[in-house]
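*Asks:*
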Amino acid sequence: MTEKKPYYITTPIYYPSAKLHIGHAYCTTIADSIARFKRLAGYDVFFLTGSDEHGLKIQQKAEEAGVTPIEYTDKIVASFQNLWKKLNISNDDFIRTTQERHIQVVQEIFRRIYAKGDIYKGKYTGLYCTPCESYWTEHQLDENGCCPDCHRPVQEVSEEAYFFKMSKYADRVLKYIEDNPDFIQPVSRRNEMINFIKQGLDDLCISRTSFNWGIPVPTDPKHVIYVWFDALTNYLTPIGFLDDPEKFQKYWPADLHLVGKEIVRFHTIIWPCILMALDLPLPKKVYGHGWLIVDGDKMSKSKGNVVDPIALIDEFSADAIRYFLLREINLGQDGNFSRDALIQRINSDLANDLGNLLHRTLNMIGKFQDGVVLAPQGESDIDLSLRADAKETVDFFRDNMENMQLSLTIKKVWAFISRANKYIDETAPWALAKDPEKKQELANVLYNLVESLRTISVLISPFMPQTAERIWKQLNLPQAFADVQLTDIETWGGTPAGLHVGTPEQLFPRIEVEKEDKEAAKAQAKQAKQAKAEKKQKQAKQAEPGEVTIDDFKKLELRVAKVLKAEKVEKADKLLKLTVDLGTEQREVVSGIAKNYTIDDIVGKNVILVANLKPAKIRGVVSHGMILAAADNKDLKVVSVDMPAGTEVH
Ligand code: ME8
């Protein structure tokens, strides 16, 4: 037997600073479905998730709760593990950064990089955001001088600290990203990262002395190691970095780090620098998924719209939640969670389409053939077309799951479920059953339906593992479900003739919308009240006539653009057509500066572009944006700045 190909997939390790919400469940469900698909496709999968337990934020939370940090994290981490169990997450290990095995890895990594000369002691003065555990420079802060990620105040800190020489690796990381187009996905995140590195990387402060909840620097224990340096290395611990070279050799580099979009930067810049300093290969792919928002709004405690996944699983089942999350949201984009949409999907796709197909099929076999699947003989055109559709669906599944197209794949599988339901209507087995001449035709139809359901059971198993197994068991197939591989459905006809199917059991009860409506009305009234209060608040912030609010101003995307090329526009003596570089892309812009600038004057200047202006056609040329200029009746000068192309202006 040939050895299975290894596949190493990770989720982020979550902060135990609060209970996990449906957004965290989204990330872990995606990773789980990919891991399950890979196992089905014959890979030797190692799937890792865990908890990121150090840092000032956790220390402060524990203090507020009047317990030690480890008592605090023990309790919350237990709730994570309970959630993953309820959601049927099939992780192979759960790493806690407070575990001894991990502490040893972090200290060893620190030692090795220090010995190499890439960690040095210096003095850190800077701005720190505790909730995000991130350091910022002044020019990175938002317009209110707060953290650009969470917009909360930052603290100025000044202390002796160890630094990691990230600057040394900036060019190599940039080259790696540019040479490996698959490394960062989706491509929009890749462009953001290229832009970020091009602005230069500072050395990273990787130790703190102002609190002690962290892993001590091995040779200088009054310092604790920066939580992101500690957290990122979690990916090395469980695959034997220190204690099992064979295992490590097998699984490293990771095939996929699946992370939320806001932490792509840590995974594609800091993490590669650490790995390069360790002379280790970089992960093959980092995928930044979008965020789950709730009824169109970002989840937050203060808005009271945080959705608890446990309550949802208890109410609707893990598989219904998994199905909804994976089907409704396109992986790289933000997606909306709404209870109404969830109920609609359960009723139409799960109870109706899938539930009915199973129920009708098993019922008919019970009624017309005493529960026995008979051997098929001969095929009609309709049979052949069903079989061709099944094959196409299996091929689509294999190819698209390889490319992480989860939502598209689910839609395709459901199209096949509808196809199979239509096959029942087209072949009308109840009519065939009345005609003794049509016994074989009936046997063929019922065989094809069981075979379709066998195929469907496997195809839905990465997304809805429990439902897949329930279908398998109701069909009473002899093969152990846990052993099923994708190859088992690549050839039609795996259902053995003579199989005794089970009695149908309901997969998903329909949700009564009337009862739901009352609940929803209550929730809506609460939301309306909240919205009213918010509107009032907003009105208080609204501008006087002639003024714009800061929110209005923020709608403008102003960026530094380098003029690469300029040409005259035909029959327009005031206009120049400029090709500008925005760091991540080039654009054409038409500008009324021809009377004040020659081509040589303007080329090479770094000007300011209104980058999100609706494109407009000017004298037959489409202009993608507008260059800012100061002008009066006599003179005109473009606004130019000495900053790299792509830099945001605010
Ligand atoms: O960032 N929708 O931990 P974390 C989708 N400890 N994903 C969401 C989300 C939402 N509404 N809210 C959060 C950390 N997430 C670090 C990671 S890895 C070495 C260290 C995702 O608990 C978020 O995008 O704050 C991130 O990927 C993950 O949850 C963990 O967030």
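1 is the number of the first residue of the sequence shown in the working numbering; add one for each residue after it.
Just so it is clear, CB atoms sit at the ideal spot from N, CA and C, and this is done for glycine as well.
Just so we're clear, the structure is a prediction, and the values are computed from it rather than from any experiment.
1. Return the residue from the list 222, 373, 302 and 219 that minimises the CA-CA distance to residue 474.
2. Looking at the secondary structure, which residues open and close the alpha helix (DSSP H) in which residue 187 lies?
3. Return yes when at least one heavy atom of the ligand ME8 lies under 7 Å from the C-beta of residue 263, else no.
4. Using a threshold of 8 Å, state whether the C-beta atoms of residue 293 and residue 309 are closer than that.
5. Quick one: give me the first and last residue of the beta strand (DSSP E) that residue 590 is part of.
6. Tell me which residues share the same chain as residue 454 and place their Cβ nearer than 8 Å to its Cβ, disregarding the 5 neighbours each side in the sequence.
7. Is the beta carbon of residue 326 sitting closer than 8 Å to the one on residue 30?
8. Which same chain residues end up closer than 6 Å to residue 445 when comparing Cβ atoms and leaving out the 5 residues on each side of it in sequence?
9. Is it buried or exposed, residue 33, if we count other Cβ atoms within 10 angstroms and call 16 or more buried?
10. Taking a contact to mean a Cβ-Cβ separation below 8 Å, would you say residue 602 touches residue 628 in this structure?
11. What are the residues that DSSP puts in a beta bridge with residue 276?
12. Can you list the alpha helix (DSSP H) stretches of 4 or more residues lying completely in the segment 557-581, in chain order?
13. With the cut-off set at 8 Å, would you say residue 645 and residue 561 are in Cβ contact?
14. Measure the alpha-carbon distance for residue 256 versus residue 146 and round it to whole angstroms.
15. For a test of the three-state rule: what should DSSP assign to residue 543, helix, strand or coil?
16. In or out: residue 396 buried (at least 16 other Cβ within 10 Å) or exposed?
17. DSSP beta-bridge partners for residue 183?
18. Is the beta carbon of residue 312 sitting closer than 8 Å to the one on residue 406?
19. Please report the straight-line C-alpha distance between residue 641 and residue 606, rounded to a whole angstrom.
20. Smallest Cα separation from residue 556: which of 302, 637, 201 and 614?
21. How many angstroms separate the CA atom of residue 486 from the CA atom of residue 416?
22. Using only the heavy atoms of the ligand ME8, determine whether one of them is closer than 7 Å to the beta carbon of residue 231.
23. Work out the CA separation of residue 511 and residue 15 for me, nearest whole Å.
24. Taking all protein chains shown into account, decide if residue 403 is buried (16 or more other Cβ within 10 angstroms of its Cβ) or exposed.
25. Candidates 583, 584 and 588: which alpha carbon is nearest residue 569's?
26. How long is the line joining the alpha carbons of residue 439 and residue 424, rounded to whole angstroms?
27. Tell me which same chain residues have a C-beta within less than 8 Å of the C-beta of residue 565, skipping the five on either side of it?
28. If you draw a straight line from the C-alpha of residue 13 to the C-alpha of residue 323, how long is it?
29. Per the DSSP calculation, residue 626 is bridged to which residue(s)?
30. By how many angstroms is the C-alpha of residue 299 removed from the C-alpha of residue 442?
31. Would you call the CB atoms of residue 296 and residue 356 closer than 8 Å?
32. Could you please give the first and the last residue of the uninterrupted alpha helix (DSSP H) stretch that includes residue 65?
33. What is the residue span of the alpha helix (DSSP H) that residue 74 lies within?
34. Cutting at 6 Å between CB atoms, please list the residues of its own chain near residue 73, excluding the five before and the five after it.
35. Between 92, 194 and 36, which has its C-alpha nearest residue 585's C-alpha?
36. Taking 8 Å as the threshold (C-beta atoms), are residue 110 and residue 217 in contact?
*Replies:* Reading it off the structure:
1. Measuring C-alpha to C-alpha distances from residue 474 to each of 222, 373, 302 and 219 identifies 373 as the nearest.
2. Where residue 187 is concerned, the enclosing alpha helix (DSSP H) stretches over 187-198.
3. Residue side-chain check: residue 263 places its Cβ nearer than 7 Å to a non-hydrogen atom of the ligand ME8.
4. Going by beta carbons, residue 293 and residue 309 fall outside the 8 Å limit.
5. Unbroken beta strand (DSSP E) run through residue 590: 586-591.
6. Cβ neighbours of residue 454 beyond the five flanking positions: 472, 475, 477, 489, 494 and 495.
7. The criterion of a C-beta distance shorter than 8 Å is satisfied by residue 326 and residue 30.
8. Excluding sequence positions up to five before and after residue 445, its CB lies within less than 6 Å of the CB of 427 and 429, all in the same chain and listed in chain order.
9. The residue in question, residue 33, is buried, as its Cβ has 16 or more Cβ neighbours within 10 Å.
10. In this structure, residue 602 lies away from residue 628, with their beta-carbon atoms at least 8 Å apart.
11. DSSP, once it has assigned bridges, lists no residue as partnering residue 276.
12. Complete alpha helix (DSSP H) runs here, min 4: none at all.
13. A contact, by the Cβ cut-off of 8 Å.
14. C-alpha separation (whole angstroms): 33 Å.
15. Annotation note: pLDDT 49 at residue 543 (below 50); position unreliable, coordinate value reported separately. Coil.
16. When all chains shown are included, residue 396 counts as buried.
17. According to DSSP, which records beta bridges pairwise, residue 183 is partnered with nothing at all.
18. It is not a contact, given that the beta carbons lie outside the stated cut-off.
19. One C-alpha to the other measures close to 6 Å.
20. If we check each option's Cα against that of residue 556, 614 comes out closest.
21. Computed Cα separation, rounded: 17 Å.
22. At least one heavy atom of the ligand ME8 sits closer than 7 Å to the Cβ of residue 231.
23. About 34 Å.
24. Answer is exposed; the Cβ neighbour count stays below 16.
25. The candidate whose alpha carbon is nearest that of residue 569 is 588.
26. Roughly 16 Å separates the two Cα atoms.
27. Only residues of its own chain outside the window of five on either side were considered, and among them 578, 579 and 603 have a CB closer than 8 Å to the CB of residue 565, listed in chain order.
28. Here the C-alpha atom of residue 13 lies approximately 23 Å from the C-alpha atom of residue 323.
29. Per DSSP, 610.
30. C-alpha of residue 442 to C-alpha of residue 299: approximately 53 Å in a straight line.
31. Residue 356 sits away from residue 296, with the two beta carbons spaced by 8 Å or more.
32. Under the DSSP assignment, residue 65 falls in the alpha helix (DSSP H) whose first and last residues are 56-65.
33. In the DSSP assignment, residue 74 falls within the unbroken alpha helix (DSSP H) covering 69-86.
34. If we look at residue 73 and ignore the five residues flanking it on each side, its Cβ neighbours are 16 and 53.
35. Of the candidates 92, 194 and 36, the one whose C-alpha sits nearest the C-alpha of residue 585 is 194.
36. Yes, the Cβ-Cβ distance between residue 217 and residue 110 is below 8 Å.
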